[in-house]
Amino acid sequence: MFVQRQGLVVWLYSLKQAKMLRRFGNVHYVSKKLKYVVLYCNQDEVEEIIEKLKTFSFVKQVEPSYKPFLKLEYESTPDKAKEYDYKLGI
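Residues in the sequence shown are numbered from 1 upward in steps of one, following my numbering.
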C-alpha cells in the first residue's frame with residue numbers, strides 16, 4: 001500500500017539549481033548556509049537517481065540516508081543495581 005521512501009542529501013556548489021531537483025523526488029529541505037538539499041524518492045529508484053545526480057556539474061556529492069535499514073525497535077535490559085535494591089526493599 002505504501003511505497004518505501006529513502007532520503008538523499010545532495011550537496012551543491014550553488015543553490016540556483018536546487019529548484020530543478022524537484023523532478024527527481026520531493027524536496028524536503030534546502031539549507032542556504034551549508035548548500036545542501038534533502039530529497040525523498042522511492043527506495044527502488046535510489047541507485048538510478050544517485051547516478052543521474054552525480055552527472056550534473058552543480059552537484060558536489062550525493063549521500064543516501066541509511067534510516068530505512070536501521071533497527072528502530074530497542075530492547076530494554078533491567079539494571080542490575082536497581083534490581084538488587086528492589087529485592088532489599090529500599
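C-beta: ideal position from N, C-alpha, C; glycine also. As the structure is a computational prediction, the values presented were derived from the model and not from experiment.
#1: Smallest Cα separation from Leu-15: which of Glu-73, Leu-72, Val-38?
#2: Whole-angstrom Cβ separation of Tyr-36 and Leu-12, contact assumed at under 8 Å?
#3: Along the chain, where does the alpha helix (DSSP H) containing Glu-45 start, and where does it finish?
#4: Under 6 Å Cβ to Cβ from Gln-61, same chain only, skipping five residues before and after it: list those, please.
#5: Am I right that Val-3 and Asn-42 are in contact with their C-beta atoms under 8 Å? What's the rounded C-beta distance?
#6: Leu-53 and Val-59 look like a contact to me (Cβ under 8 Å); what is the Cβ gap, rounded to whole Å?
#7: Spell out the partners DSSP gives Ser-31 in its beta bridges.
#8: Mind checking Phe-24: buried by the 16 CB within 10 Å criterion, or exposed?
#9: For Leu-21, count neighbouring Cβ atoms within 10 angstroms of its own Cβ and tell me buried if that reaches 16, exposed if not.
Here's the rundown:
#1: Val-38
#2: 7 Å
#3: DSSP places Glu-45 outside any alpha helix (DSSP H), giving it a letter other than H or E.
#4: Trp-11
#5: 5 Å
#6: In this structure Leu-53 is in contact with Val-59, their Cβ atoms being roughly 5 Å apart against a cut-off of 8 Å.
#7: Tyr-36
#8: buried
#9: buried
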